[in-house]
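Enquirer: In my numbering, the protein residues as written are 2 to 160.
Even for Gly, the Cβ is constructed at its ideal location relative to N, Cα and C.
Take this structure first; my questions come after.
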């Protein structure tokens, strides 16, 4: 089992690298682009940047939770309350990122409208949709795992 989880852990690390690059190179440019497009919204530059950095931070918390989940699988604790808690945390992280993007969607829409680039709005909507899909999937897995743990405990008591 170690080999499979090693590959998945490597994939989790690789999933974080593009977000680090976005945080370093792209987010400041996006905020400056917002001010360039709509000079009357200069006061929203830093809250917008903080929101994007906050969503990136929440993303890294979710990646850490996935890393912990893979560690629990390595330790043969896949059917435990620890994994249920990790799935709950992943669900909350996905919902929080989606909520942040919903809050900033009017700014994203203004940027797309001023620059005549509807792709920006589409990217924001795709991120919101993906976050909600991940949150629902994690909630379903959490519920299934809780039921499996209850069945396992019931079987342990009967034997």
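By the 10 Å Cβ neighbour count, where 16 or more other Cβ atoms means buried, how is residue 25 classified, buried or exposed?
Expert: So residue 25 ends up on the exposed side.
Enquirer: How about residue 69 and residue 139: do their beta carbons lie closer than 9 Å?
Expert: The answer is no: Cβ separation not under 9 Å.
Enquirer: In angstroms, rounded to a whole number, what distance separates the CA positions of residue 115 and residue 39?
Expert: Those two C-alpha atoms are separated by around 8 Å.
Enquirer: Taking contact to mean 3 or more Cβ pairs, one atom from each stretch, closer than 8 Å, check whether the segment 14-32 and the segment 82-101 are in contact.
Expert: As far as the Cβ criterion goes, the segment 14-32 does not touch the segment 82-101, which means the pair count is below three.
Enquirer: Check whether the segment 67-84 touches the segment 4-17, counting contact only when three or more Cβ pairs, one atom from each stretch, lie closer than 8 Å.
Expert: The segment 67-84, when compared against the segment 4-17, does touch it at the 8 Å Cβ threshold.
Enquirer: Within the chosen definition, does the segment 51-64 reach the segment 74-88 through at least 3 CB pairs nearer than 8 Å?
Expert: No: fewer than three Cβ pairs fall under 8 Å.
Enquirer: Between the Cα of residue 17 and the Cα atoms of 64, 94 and 51, which residue gives the shortest distance?
Expert: Checking every option, the nearest Cα to that of residue 17 belongs to 64.
Enquirer: So residue 109 and residue 127 are in contact, right, with Cβ under 8 Å, and what is the actual spacing, rounded?
Expert: With 8 Å as the limit, residue 109 and residue 127 do not qualify as a contact, their Cβ atoms being about 11 Å apart.
Enquirer: Using the three-state DSSP reduction, which class does residue 26 fall into: helix, strand or coil?
Expert: Here residue 26 sits in helix by DSSP.
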